[in-house]
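Asks:
Numbering (the numbering used here), first residue to last: 20 to 216.
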């Protein structure tokens with residue numbers, strides 16, 4: 020959905036962040052998460068040479084989440100350099116308490132699933148634990164930055180940590196499109212001869 024949102028913004032000739040901002044005018048919690056992530060990634064400022072940015076946002080488990088990615092592509096290999104994950108939630112925690120789970124979940128689930136998926140025999144997933152699942156290696160792990168924003172107000176409490184899984188993959192794929200001009204609409208990426216650098 021968030022990759023399609025980028026396509027709509029590009030078809031309208033608008034910046035992807037500004038396009039979303041217009042649509043989120045009546046949704047301040049979503050907008051706050053998106054703005055925080057965009058500011059942290061440096062949206063609107065030039066990226067380093069060879070680096071391309073993408074972003075995504077959504078509401079998941081009553082948490083308002085956004086993500087931004089910086090990637091490069093060389094020789095068919097995708098390198099994710101940086102991910103910024105932001106959550107706007109009413110959940111009260113000590114400062115920094117939610118940051119480690121967000122980093123671990125982005126690494127272990129969102130990016131590896133995007134790249135290599137899981138293997139099935141019928142309806143059963145073959146991988147049972149980390150000894151049979153091809154997890155990311157330290158050299159492949161991007162820098163991950165987490166932002167936790169208190170929502171305030173009287174809305175329902177939201178989750179923290181896992182919801183950022185929802186935005187990591189589309190943020191990476193939106194950046195991948197900017198790097199290559201190629202839209203990928205099915206996963207895993209290994210089926211498109213895209214490997215992780």
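Glycine included, every Cβ here is placed at the ideal spot set by N, Cα and C.
Only counting runs of 4 or more residues, tell me where the alpha helix (DSSP H) segments fall wholly within the region 45-77, in order along the chain.
Replies: Taking only runs of at least 4 residues, the alpha helix (DSSP H) segments lying wholly in the region 45-77 are 47-60.
Asks: At what residues does the beta strand (DSSP E) containing residue 84 begin and finish?
Replies: What you label residue 84 is simply residue 65 of the chain shown in a count that begins at 1. Residues 82-93.
Asks: Taking the alpha carbon of residue 160 as the reference point, which residue from 88, 151, 142, 61 has its own alpha carbon closest?
Replies: In the chain shown, counting from the first residue as 1, residue 160 sits at position 141. Comparing Cα positions, the closest option is 88.
Asks: Is residue 156 buried or exposed, if buried means 16 or more other CB atoms sit within 10 Å of its CB?
Replies: The residue labelled residue 156 in the question sits at position 137 within the chain shown. With fewer than 16 Cβ atoms within 10 Å of its Cβ, residue 156 is classed as exposed.
Asks: Kindly give me the distance between the Cβ atoms of residue 214 and residue 96, rounded to whole angstroms, as I take these residues to be in contact under 8 Å.
Replies: In the chain shown, counting from the first residue as 1, residue 214 sits at position 195. In the chain shown, counting from the first residue as 1, residue 96 sits at position 77. Sure, about 5 Å apart at Cβ, within 8 Å.
Asks: Leaving out the 5 sequence neighbours to the left and right, which residues in its chain are closer than 8 Å to residue 70 when beta-carbon positions are compared?
Replies: Here the question's residue 70 lines up with position 51 in the chain shown. Answer for residue 70: 89, 90, 91, 100, listed in chain order.
Asks: Relative to the alpha-carbon of residue 54, which residue among 193, 93, 107, 21 has its alpha-carbon at the smallest distance?
Replies: Residue numbering aside, residue 54 sits at position 35 when the chain shown is read from its first letter. If we check each option's Cα against that of residue 54, 107 comes out closest.
Asks: Just verifying my parser: in three-state terms, what is the DSSP assignment at residue 166?
Replies: Mapped onto the chain shown, residue 166 falls at position 147. The answer is strand: DSSP assigns residue 166 an E or B state.
Asks: Can you tell me whether residue 57 is buried or exposed? The criterion is at least 16 other CB atoms within 10 Å of its CB, across all chains shown.
Replies: Position 38 of the chain shown, counted from the start, is the residue given in the question as residue 57. Buried, because 16 or more other Cβ atoms sit within 10 Å of the Cβ of residue 57.
Asks: Tell me which residue opens and which closes the alpha helix (DSSP H) that residue 198 is part of.
Replies: Within the chain shown, numbered from 1, the residue matching residue 198 stands at position 179. Looking at the DSSP string, the run of the alpha helix (DSSP H) that includes residue 198 is 184-199.
Asks: In terms of residues, what are the limits of the alpha helix (DSSP H) holding residue 39?
Replies: Numbered from its first residue, the chain shown carries residue 39 at position 20. Its alpha helix (DSSP H) spans residues 35-42.
Asks: Going by DSSP in three states, residue 25 sits in which element: helix, strand or coil?
Replies: Residue numbering aside, residue 25 sits at position 6 when the chain shown is read from its first letter. Three-state DSSP puts residue 25 in a helix.
Asks: On the criterion of 16 or more Cβ atoms from any shown chain inside 10 Å, does residue 26 qualify as buried, or is it exposed?
Replies: Within the chain shown, residue 26 is the residue found at index 7, counting from 1. Exposed: under 16 other Cβ atoms inside 10 Å.
Asks: Please report the residue range of the alpha helix (DSSP H) in which residue 132 lies.
Replies: Working through the chain shown from its first residue, we reach residue 132 at position 113. Where residue 132 is concerned, the enclosing alpha helix (DSSP H) stretches over 131-135.
Asks: Between the Cα of residue 85 and the Cα atoms of 206, 51, 93, which residue gives the shortest distance?
Replies: The residue given as residue 85 occupies position 66 in the chain shown. Taking only the C-alpha atoms, the option nearest residue 85 is 51.
Asks: Name the one or two DSSP bridge partners that residue 208 has.
Replies: Counting from 1 along the chain shown, the entry for residue 208 is found at position 189. Answer by DSSP bridge pairing: none, since residue 208 is not bridged.
Asks: Here's a check: name, in chain order, each residue in its chain whose Cβ is nearer than 6 Å to the Cβ of residue 28, leaving out the five neighbours to either side.
Replies: Taking the first residue of the chain shown as position 1, residue 28 is located at position 9. Correct list, in chain order: 35, 38.
Asks: According to DSSP, simplified to helix, strand and coil, what is residue 216?
Replies: Here the question's residue 216 lines up with position 197 in the chain shown. Coil, per DSSP.
Asks: Pull up the distance between the alpha-carbon of residue 59 and that of residue 163, whole angstroms please.
Replies: Within the chain shown, the letter at position 40 stands for residue 59. Within the chain shown, the letter at position 144 stands for residue 163. Spanning the two alpha carbons is a distance of roughly 11 Å.
Asks: Pull up the distance between the alpha-carbon of residue 93 and that of residue 32, whole angstroms please.
Replies: As a first step, residue 93 must be located in the chain shown, where it is residue number 74. As a first step, residue 32 must be located in the chain shown, where it is residue number 13. If you take the alpha carbons of residue 93 and residue 32, they lie about 27 Å apart.
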